[in-house]
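Have a look at the structure below, then the notes.
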Amino acid sequence: MLCERKDMSEQVHPTQDEVEFLNLSFNRFLDLFEEIMPDEFWDKPDYIRFSKTKDLFAVYSEALKYPPMQWVIQANKRPNFSDVGRDLFRFVRHILMHFPFFEKWDDVWIKQSLVNFHSSRPQFIHKFLTENEGKGQFKYRFWGRKAKENDLRRGIIAE
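So this is what it looks like as structure tokens:
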């Protein structure tokens with residue numbers, strides 16, 4: 002079992018329904034991950050790369066809603082996770098899910114009036130951009146072990 006813990010209602014996790022959900026979400030996530038990670042993936046057409054990445058964000062965001070997943074994340078928070086990881090992920094996810102009009106990364110754009118068109122209050126995308134306006138550029142990168150070793154060997158990055 003992934004996590005046998007009781008929440009406030011004293012229900013043991015995972016339940017049968019949760020196991021089914023976790024199997025579906027983890028299998029799809031791992032399938033997408035294995036498809037995206039090889040270098041050859043980046044030679045595929047823009048629309049394929051964009052769609053697979055969009056699917057990966059959708060699956061991951063659904064998996065994050067599972068309470069024991071949140072327990073694990075909270076227990077293993079990395080520095081700046083709340084500043085960069087969670088909010089950046091949520092920002093990208095909101096753009097991909099709420100503006101499904103694009104077929105490749107180079108086509109993606111947003112503007113304040115579209116982000117807030119159905120609400121008189123600033124929405125998350127607007128808030129994220131406002132909070133980060135004027136801040137220095139930051140990099141958020143994921144390396145596979147071999148890619149990182151190659152970059153270290155070639156002197157592109159330092160340890």
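Under the numbering used here, think of the first position of the sequence shown as 2, with each following residue one higher. For each residue, glycine too, the CB sits at the ideal point set by N, CA and C. Remember, predicted model here, so these are calculated numbers, not experimental data.
How is the alpha helix (DSSP H) around residue i delimited, first residue to last?
i, result
"residue 61", "47-65"
"residue 98", "87-99"
"residue 146", "146-154"
"residue 75", "68-76"
So for residue i, helix, strand or coil by DSSP?
i, result
"residue 14", "strand"
"residue 111", "coil"
"residue 103", "coil"
"residue 28", "helix"
"residue 125", "helix"
"residue 22", "helix"
"residue 42", "helix"
"residue 34", "helix"
So, under 8 Å CB-CB, residue i and residue j are touching, yes? Tell me the CB distance rounded to an integer number of Å.
i, j, result
"residue 48", "residue 134", "Their Cβ separation, rounded to whole angstroms, is 31 Å, which puts residue 48 and residue 134 out of contact at 8 Å."
"residue 126", "residue 92", "6 Å"
"residue 106", "residue 51", "6 Å"
If you drop the 5 nearest sequence neighbours on each side, which residues of the same chain put their C-beta closer than 8 Å to that of residue i?
i, result
"residue 65", "71, 74"
"residue 1", "Examination of residue 1 is not possible in this model, given that the chain is present from 2 through 160 alone."
"residue 30", "57, 60, 61, 64"
"residue 22", "67"
"residue 131", "123"
Closer than 7 Å by C-beta to residue i: which residues in its own chain qualify, once you throw out the five before and the five after it? Chain order, please.
i, result
"residue 99", "none"
Residues in the same chain with beta-carbon distance under 6 Å from residue i, minus the five sequence neighbours each way, listed in chain order, please.
i, result
"residue 94", "58, 62"
"residue 149", "none"
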